[in-house]
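Residue numbers (the numbering used here): 136 to 434. Ideal Cβ placement from N, Cα and C applies to all residues, glycine included.
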């Protein structure tokens with residue numbers, strides 16, 4: 136198989152209104168809600184960096200300035216921590232600013248994920264890029280994004296992450312019709328449907344928030360009319376690319392992911408994620424887990 140151009144840039148859409156977490160997100164971006172003591176968006180950037188992507192574009196919107204501040208230096212805070220001799224605190228404060236080269240562009244209006252990705256066109260140019268959604272956290276031990284980049288290098292086109300979900304949940308996702316390839320964890324995507332009913336779903340393999348996308352997507356997005364929710368859907372654009380040959384930005388492949396994914400897109404899953412992360416923290420678990428077991432036993 137041919138080796139296609141390297142993927143070096145990541146795009147992180149972070150312009151959503153966070154309405155499922157009101158009133159907390161009235162003034163605080165949902166991406167800044169903490170998973171124990173680190174905002175969710177930092178885990179996403181760390182994942183991109185661990186896959187070798189040191190150029191990260193954030194697509195933000197109104198009231199998202201705190202995201203930029205988090206990944207910037209905080210000189211006064213650093214000086215105060217240094218004066219106290221708090222080396223651990225100083226390291227934690229400096230870490231976000233040292234992760235990667237961060238860029239920012241604003242999505243003027245909430246017109247959907249496809250439009251948010253289109254906002255990255257000038258920065259990305261004619262290069263394939265990774266797209267990471269902040270609602271999905273992938274365990275650092277599973278290296279999903281790195282595998283997706285490898286698949287793009289072998290097959291070209293675009294690559295989506297697919298995870299098997301119960302049939303009653305397919306309406307929450309974009310779902311894929313798939314064909315096998317010679318690799319157990321790689322499939323050819325022949326169709327995509329955004330948030331289908333159980334009857335309309337081509338399978339229960341759902342697209343989760345990781346993509347490696349051919350730059351041909353920008354031309355498609357520019358000509359994609361609003362779809363479900365009257366928004367420009369990335370799923371619709373990828374569906375178009377799935378029907379194209381390699382000379383036109385296709386095809387689309389999927390990596391079948393069976394690893395550890397944490398959903399922070401709604402309150403219940405967010406709470407589950409916080410508990411799971413806390414239960415694996417060596418500095419918290421020895422006290423947290425006995426308390427949790429005692430609390431549950433008392434209910």
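Per DSSP, residue 400 lies in no beta strand (DSSP E) segment and is marked neither H nor E. Under the three-state reduction of DSSP, residue 202 is assigned to helix. Closest in alpha carbon position to residue 269, among 432, 300 and 167, is 167.
Taking the Cα of residue 392 as reference, the smallest distance to any Cα among 353, 288 and 300 is reached at 300. Proximity to residue 195 across 272, 147 and 302 peaks at 147, based on C-alpha coordinates. Nearest C-alpha to residue 224 among 172, 278 and 379: 172. Per DSSP, the beta-bridge partners of residue 236 are 190. The residue from 248, 178 and 254 with its alpha-carbon nearest to that of residue 235 is 178. Closest in C-alpha terms to residue 210, from the list 381, 324 and 228, comes 228. The beta carbon of residue 364 sits closer than 8 Å to those of 247, all from its chain and outside the five residues before and after it, given in chain order.
Residue 166 sits in a helix when the DSSP states are folded into three classes. Remark: C-beta atoms of residue 386 and residue 261 do not approach each other more closely than 7 Å. For residue 332 and residue 421, the gap between their C-alpha atoms comes out near 44 Å.
With fewer than 16 other Cβ atoms from the protein chains shown falling within 10 Å of its own Cβ, residue 429 counts as exposed. Between the segment 183 to 190 and the segment 270 to 284 there are three or more C-beta pairs closer than 8 Å, enough to call the two in contact.
If you look at residue 185, you'll find it in the alpha helix (DSSP H) that goes 175 to 185. Judged by beta-carbon spacing, residue 170 lies beyond the 7 Å limit of residue 342, meaning their Cβ atoms are not closer than that value. Residue environment: residue 275 is assigned as exposed (fewer than 16 neighbouring CB atoms within 10 Å of its CB, all protein chains considered).
The Cβ neighbour count for residue 304, taken over all protein chains shown within 10 Å, is under 16; the residue is labelled exposed. Proximity to residue 198 across 239, 359, 259 and 164 peaks at 164, based on C-alpha coordinates. DSSP lists 266 and 295 as the bridge partner or partners of residue 346.
Sorting 174, 310 and 318 by C-alpha distance to the C-alpha of residue 344 places 310 at the top.
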